[in-house]
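Asker: Attaching a single structure in C-alpha cells format; questions to follow.
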Amino acid sequence: MTELFLSMKNISKRYVGVQALDAVDFEVHKGEIHCLVGENGSGKSTLIKIISGVVRPDDGSRIEIDGERFHDWHAIDAIHKGIEVIYQDLSLFPNLTVAENIALSQTIAQGHKFINWGEMRRIARKAMGRIGADLPLDELVEDIPLADQQLVAICRALTHNVRLVIMDEPTTALTRKEVEALFAVVKDLQSKGIATMFVSHKLDEVFQIAERVTILRDGEKVGTFASQELDDEKLTMLMTGKKLAYTRYTVEEQENILLEARDLSKSGNFKEISFRLHAGEILGITGLLGSGRTELALSLFGLNPAESGEVLIQGQPVKIGSVQDAVKLGIGYVPENRLVQGLIMQQSVGKNIVVTILQKLLNGLGMIDADKMEDSVARWIEELSIKVPSADSPVQTLSGGNQQRVVLAKWIATEPKILILDGPTVGIDVAAKSAIHDIIRGLAGQGMGIIVISDEIPEVFHNCNRIIVMHKGKFIAEFDTAQTTEDAIQDCINRAG
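Going letter by letter, the sequence shown gives residues 2 to 498 in our numbering.
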C-alpha cells in the first residue's frame with residue numbers, strides 16, 4: 002500500500018439527540034481510490050464535512066495530513082492541504098462560462114483586483130489538459146451536459162494543488178458511457194498521485210472502481226476491506242446488518258388492460274409509441290438518458306401531451322391534456338427528482354401526503370376536516386412504514402428513502418389505477434431500495450398497473466414482468482423477464498447506444 006495521506010482517529014460528532022459519528026477511524030493513502038458506503042443516515046455526509054473542514058468534530062478526534070496533526074481543522078486547512086469536494090449538485094455557477102467556473106476560485110486566490118480573461122482561459126486550459134478534457138470554454142455551464150459539468154467541477158479542483166478529490170454520488174444522473182468516462186478520469190487522477198474518495202449507493206460501481214471500501218452503519222465504522230474481499234451479498238449484509246433477498250417479480254397473465262397507447266408521437270420527444278399495461282403488471286421502460294422515456298411518462302401524466310396517437314383507459318379513448326385529466330382518470334406519477342418535483346421540502350410530512358387529496362378532506366363548510374386529514378396521514382405513514390418523529394416534521398429532515406415513501410404515499414392516497422414511477426430509487430441506499438421495491442410489488446399485487454422507468458437494469462429485471470427498451474424516442478425491443486437475462490437487456494442498450 003502506498004504512503005498514507007489522510008489519517009483520522011476516534012472521529013465523533015454528536016448533534017442534539019443524534020450520534021452522527023461514533024469513534025470512527027478512517028484513512029486514505031496517496032493516489033488511492035477509496036469508496037465510502039453506507040445507508041442513508043450512516044454518517045457518510047458528516048464524515049465528508051469533517052474531512053473538508055466544514056464541520057468540527059467533537060473533542061478527542063484526531064486528524065493528520067502527511068503525518069502532521071491538526072488540533073483545529075478548518076475548511077481553509079483542507080483547501081491548503083489539497084482536499085476538494087465535488088458535491089452531488091456540483092456547486093457550479095450556471096450563468097457563468099466553463100472557463101469562468103474553472104478558473105474563478107484560482108483567480109480570487111491569487112488576489113487579482115481585475116479579471117484577466119486571457120489568464121482565466123489559460124488556467125482553464127491547463128486544468129483541462131491535466132485530464133485530457135475538451136470542454137467549450139465560452140459556453141455557459143447551464144448549457145452543457147451534466148457529464149461535462151462534472152468535468153468542469155473536477156477541472157476546478159485541479160486548479161488548486163489537489164491531492165484528494167471527494168466525489169459525493171457523482172454518477173446519479175449519468176449514462177453508462179458517461180460513467181465509464183468519469184471512471185477513466187478517476188484512473189487518470191490516480192496515475193498523477195491524486196487520491197479519490199468515492200461515495201456511492203451503486204454497488205456495481207463500487208466494485209468496478211474501488212481499491213478499498215470503508216463501510217459505515219449507524220454512525221459507526223463496520224470495517225475497511227479490499228474490494229476483492231467483498232461481493233454484493235457480503236457488502237449489503239455489512240451495510241444493513243441483514244441479508245436482503247433478491248427475487249424476480251412474477252404475476253399470472255392478466256386479461257384486464259388498464260392502459261393502452263396507440264402510436265403516440267411528439268416531435269423531438271418520442272415517436273409511434275404503442276404498448277399495453279395490464280392490471281397487476283409491472284412494466285419496465287429503460288434506455289439511456291435522452292432516450293425519451295421521461296418525456297413519455299410526462300405525456301401520460303398530462304405534463305407533455307402527445308401531438309398524435311391515442312390513449313385508452315380500460316378500453317375507452319381518453320384525452321390527457323393536463324395533470325387534472327390524468328388524476329381524474331386514475332393515473333399517478335412519481336417523478337425522478339423528488340427534491341424539486343415530488344415534494345414541498347419545507348412543509349411537513351403530513352401536508353405533503355395529503356396535498357393530492359385535499360378535495361376529499363373537505364367538510365360540509367368547504368374547510369379541511371382536521372380529523373380526516375390526521376387519519377389519512379396516520380394511515381399512510383403506517384402502511385408505508387415511513388420513519389418520522391412526527392407527521393408535523395419537515396419532509397426535508399427525512400432520509401432519502403423515507404422522502405421517497407412520502408412521494409409514494411402522496412400518489413397512492415389518490416387511489417390510482419395506474420402508477421408511473423420515474424427513477425423510483427435514485428439516490429437511496431440498498432435497504433431503502435429493497436423496501437421501495439416491496440411496496441411497488443405490493444401495489445401491483447392489489448391490481449394496480451405500474452410503469453417503472455429506470456436505467457438500472459437489475460431494478461427493472463427483478464421487479465418487472467416485461468421490459469421495453471427506448472432509444473432516440475422509439476421502442477426498439479421488448480423483453481419478457483421470465484425468458485431473458487440482465488446481460489441480454491444491457492447488450493441491447495449498448496448496441497443501440
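A virtual CB, placed ideally from N, CA and C, is assigned to each residue, including glycine.
Quick check: what's the CA-CA separation for residue 322 versus residue 305?
Answerer: For the purposes of this step, residue 322 is taken as residue 321 along the sequence shown, with counting starting at 1. For the purposes of this step, residue 305 is taken as residue 304 along the sequence shown, with counting starting at 1. Approximately 8 Å, taken between the alpha carbons.
Asker: Could you tell me the alpha carbon to alpha carbon distance between residue 353 and residue 433, rounded to whole angstroms?
Answerer: Mapped onto the sequence shown, residue 353 falls at position 352. Mapped onto the sequence shown, residue 433 falls at position 432. Roughly 20 Å separates the two Cα atoms.
Asker: If you draw a straight line from the alpha carbon of residue 467 to that of residue 482, how long is it in whole angstroms?
Answerer: Here residue 467 is taken as the residue at index 466 of the sequence shown, counted from 1. Here residue 482 is taken as the residue at index 481 of the sequence shown, counted from 1. Roughly 6 Å between the two C-alpha positions.
Asker: Using only alpha-carbon positions, find the residue among 449, 78, 495 that is nearest to residue 456.
Answerer: The sequence position of residue 456 within the sequence shown is 455, counting from 1. Here the closest residue by C-alpha is 495.
Asker: If we count Cβ pairs, one from each stretch, closer than 8 Å, do we get three or more for the stretch 214-222 versus the stretch 29-49?
Answerer: Because the criterion of three Cβ pairs below 8 Å is met, the stretch 214-222 and the stretch 29-49 touch.
Asker: What residue range is occupied by the uninterrupted beta strand (DSSP E) comprising residue 177?
Answerer: As a working note, residue 177 is residue 176 in the sequence shown. Segment 177-192 is the alpha helix (DSSP H) holding residue 177; no beta strand (DSSP E) there.
Asker: With DSSP collapsed to three states, give me the class of residue 129.
Answerer: Counting from one through the sequence shown, the residue named residue 129 turns up at place 128. Looking at residue 129 - three-state DSSP - the assignment turns out to be helix.
Asker: Note the first and the last residue of the continuous beta strand (DSSP E) segment covering residue 376.
Answerer: Residue mapping note: residue 376 aligns to position 375 of the sequence shown, counting from 1. Unbroken run through residue 376 is the alpha helix (DSSP H), 371-384; no beta strand (DSSP E).
Asker: What do you reckon, are the CB atoms on residue 1 and residue 262 nearer than 7 Å?
Answerer: With the chain covering 2 to 498 only, the question about residue 1 has no answer from this structure.
Asker: Which class does residue 75 belong to by DSSP, given the choice of helix, strand or coil?
Answerer: Locating residue 75 in the sequence shown gives position 74, where the first residue counts as 1. The answer is coil: DSSP assigns residue 75 none of H, G, I, E or B.
Asker: Closer than 7 Å by C-beta to residue 448: which residues in its own chain qualify, once you throw out the five before and the five after it? Chain order, please.
Answerer: Numbered from 1 along the sequence shown, position 447 holds the residue referred to as residue 448. 280, 281.
Asker: Figure out for me which residue from 264, 204, 133 has the closest Cα to the Cα of residue 182.
Answerer: Position 181 of the sequence shown holds residue 182. The shortest C-alpha separation from residue 182 is found at 133.
Asker: From what residue to what residue does the beta strand (DSSP E) around residue 20 run?
Answerer: Here residue 20 is taken as the residue at index 19 of the sequence shown, counted from 1. Residues 19-30.
Asker: In terms of residue numbering, what span does the alpha helix (DSSP H) encompassing residue 459 cover?
Answerer: As a position in the sequence shown, residue 459 is number 458, starting the count at 1. Start and end: 458-464.
Asker: Which residue's Cα is closest to the Cα of residue 441: 174, 206, 335?
Answerer: Position 440 of the sequence shown, counted from the first residue, corresponds to residue 441. For residue 441, the nearest C-alpha among the options comes from 335.
Asker: Would you identify the three-state DSSP class for residue 43, choosing helix, strand or coil?
Answerer: Position 42 of the sequence shown, counted from the first residue, corresponds to residue 43. Here residue 43 sits in coil by DSSP.
Asker: Going by C-alpha to C-alpha distance, which of 319, 52, 474 sits closest to residue 74?
Answerer: As a position in the sequence shown, residue 74 is number 73, starting the count at 1. Closest by alpha carbon: 52.
Asker: Against chain C, with Cβ distances strictly below 7 Å, would residue 159 count as a contact?
Answerer: No chain C is present in this structure, which holds just one protein chain.
Asker: Checking the sheet assignment: what are the DSSP bridge partners for residue 453?
Answerer: For the purposes of this step, residue 453 is taken as residue 452 along the sequence shown, with counting starting at 1. Answer by DSSP bridge pairing, in chain order: 285, 422.
Asker: Can you say whether residue 102 is buried or exposed, counting buried as having 16 or more other CB atoms within 10 angstroms of its CB?
Answerer: As a first step, residue 102 must be located in the sequence shown, where it is residue number 101. By the 10 Å Cβ count, residue 102 comes out buried.
Asker: So, at 8 Å on beta carbons, what are the nonlocal neighbours of residue 437 in its own chain, with the 5 sequence-adjacent residues on each side left out?
Answerer: By 1-based counting over the sequence shown, the position of residue 437 is 436. Hits under 8 Å: 402, 405, 406, 409, 425, 426, 429.
Asker: Tell me the rounded alpha-carbon separation between residue 159 and residue 197.
Answerer: As a first step, residue 159 must be located in the sequence shown, where it is residue number 158. As a first step, residue 197 must be located in the sequence shown, where it is residue number 196. For residue 159 and residue 197, the distance between alpha carbons rounds to 12 Å.
Asker: Across the stretch 145-163 and the stretch 123-133, are there enough close Cβ pairs to call them in contact, namely three or more that are closer than 8 Å?
Answerer: Because the criterion of three Cβ pairs below 8 Å is met, the stretch 145-163 and the stretch 123-133 touch.
Asker: Along the chain, where does the alpha helix (DSSP H) containing residue 240 start, and where does it finish?
Answerer: The count along the sequence shown starts at 1 and reaches residue 240 at position 239. Element bounds for residue 240: 233-241.
Asker: Is the distance from the Cβ of residue 12 to the Cβ of residue 286 below 7 Å?
Answerer: Residue mapping note: residue 12 aligns to position 11 of the sequence shown, counting from 1. Residue mapping note: residue 286 aligns to position 285 of the sequence shown, counting from 1. Contact flag unset, no.
Asker: By Cβ distance, which residues of its chain are closer than 7 Å to residue 268, with the 5 residues on each side in sequence left out?
Answerer: Within the sequence shown, numbered from 1, the residue matching residue 268 stands at position 267. Within the same chain, residue 268 has close Cβ partners 308.
Asker: At the level of alpha carbons, what is the spacing between residue 464 and residue 443?
Answerer: As a working note, residue 464 is residue 463 in the sequence shown. As a working note, residue 443 is residue 442 in the sequence shown. Distance between the alpha carbons of residue 464 and residue 443: 11 Å.
Asker: Run the CB neighbour count on residue 149, radius 10 Å, all protein chains shown included, and call it buried at 16 or more, exposed below.
Answerer: Position 148 of the sequence shown holds residue 149. That one is buried.
Asker: Take every Cβ of the stretch 166-173, pair it with every Cβ of the stretch 85-94, and state whether three or more of those distances are shorter than 8 Å.
Answerer: Contact holds: three or more Cβ-Cβ distances are below 8 Å.
Asker: Compare the C-alpha of residue 238 against each of 349, 435, 271, 471 and name the closest.
Answerer: Translated into positions along the sequence shown, residue 238 becomes position 237. Here the closest residue by C-alpha is 435.
Asker: According to DSSP, is residue 302 part of a helix, a strand, or is it coil?
Answerer: Stepping through the sequence shown from its first residue, residue 302 is reached at position 301. Residue 302: coil per DSSP, three-state reduction.
Asker: Bridge partners of residue 267, per DSSP?
Answerer: Within the sequence shown, the letter at position 266 stands for residue 267. Its beta-bridge partners are 271.
Asker: Determine the DSSP secondary structure at residue 329, reduced to helix, strand or coil.
Answerer: Counted from its first residue, the sequence shown places residue 329 at position 328. Three-state result, residue 329: helix.
Asker: Evaluate residue 366 with the Cβ neighbour count: other Cβ atoms within 10 Å of its Cβ, from every protein chain shown; 16 or more gives buried, anything less gives exposed.
Answerer: Along the sequence shown, read from residue 1 onward, the residue named residue 366 stands at position 365. With fewer than 16 other Cβ atoms within 10 Å, it is exposed.
Asker: Counting along the chain, where does the beta strand (DSSP E) carrying residue 169 start and finish?
Answerer: Residue numbering aside, residue 169 sits at position 168 when the sequence shown is read from its first letter. It spans 165-169 - the beta strand (DSSP E) in which residue 169 sits, taken as one unbroken run.
Asker: Taking 8 Å as the threshold, find out whether the stretch 177-194 comes into contact with the stretch 138-145 through three or more Cβ pairs.
Answerer: Short answer: they don't touch.
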